[in-house]
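A short worksheet on the structure shown next.
In this note's numbering, the protein residues as written are 76 to 263.
Next up, the structure:
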């Protein structure tokens, strides 16, 4: 009986301390929490394929909401400057893998990590043609790689309240949603 009480007390202490840590993170890092929240929503409710990668992009900030776009990730054509430890605006710097699906986004603050490269390699998201061209190593004359796209494929737009990242509205569309067509969200 003593061990049972000791284990129960230990679990309660761990739970209480982890809840406090979560509250601090939520206040400090709105963008990451917003992105992680919409990734979990997307992964639970959308019919997305196993083994696929998705990119998340912050499209627009308004006074009350931020508009994010989730779409299937295409091949990345890294440049020579897109290397481990470098900060870049053309390459994802964060990833989260859920249910055999990879979600990528950038924040321009974090450098490219080795783990990021491993995740993207696992999902076959690289085409090194552009680096080979920049170094002069490309032996073929075909400078334009073929990229297959599906124009019928839907993207999902998330409109997230700035004062509460758990409040959001999502819309599916084949086209970019213009700012004057954003949904009205009661963020209070």
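C-beta atoms are modelled at their ideal positions from N, C-alpha and C, and glycine is treated no differently. Small disclaimer: the values here were computed from a predicted structure and weren't measured.
Comparing alpha-carbon positions, the option among 146, 158 and 140 lying closest to residue 132 turns out to be 146. In terms of Cα proximity to residue 142, the closest of 236, 261, 263 and 164 is 236.
DSSP places residue 141 within a strand segment (E or B) once states are collapsed to three.
With a cutoff of 9 Å on beta-carbon distance, residue 174 and residue 118 are scored as near each other. Between the stretch 242-258 and the stretch 154-165 there are fewer than three C-beta pairs closer than 8 Å, too few to call the two in contact. The alpha carbon of residue 165 has as its nearest neighbour, out of 171, 186 and 176, the alpha carbon of 186. Counting only runs that start and end inside the stretch 98-134, the alpha helix (DSSP H) elements of at least 4 residues fall at 105-120.
Comparing C-alpha distances from residue 172 to each of 201, 151, 183 and 125 shows the shortest one belongs to 125. DSSP lists 129 as the beta-bridge partner residues of residue 147. In the three-state DSSP reduction, residue 172 falls in the strand class (E or B). Leaving aside the five residues that flank residue 195 on each side, the residues in its chain whose CB is nearer than 8 Å to its CB run, in chain order, 128, 151, 167, 170, 177, 179 and 201. Residue range 189-197 is occupied by the alpha helix (DSSP H) that includes residue 194. For the 9 Å CB-CB criterion, residue 257 and residue 116 do not form a contact. Of the candidates 238, 189, 249 and 240, the residue whose Cα lies closest to the Cα of residue 231 is 249. Within the same chain, Cβ atoms closer than 6 Å to the Cβ of residue 245 are found at 231 and 233, the five residues on either side in sequence being excluded.
CA-to-CA, the gap between residue 138 and residue 247 works out to about 23 Å. When only Cα atoms are considered, residue 184 and residue 260 end up about 29 Å apart.
Apart from the 5 residues on each side of it in sequence, residue 112 sits with its Cβ closer than 8 Å to the Cβ of 235, 240, 241 and 243 in its chain, given in chain order. Under the DSSP definition of a beta bridge, residue 152 lacks any partner.
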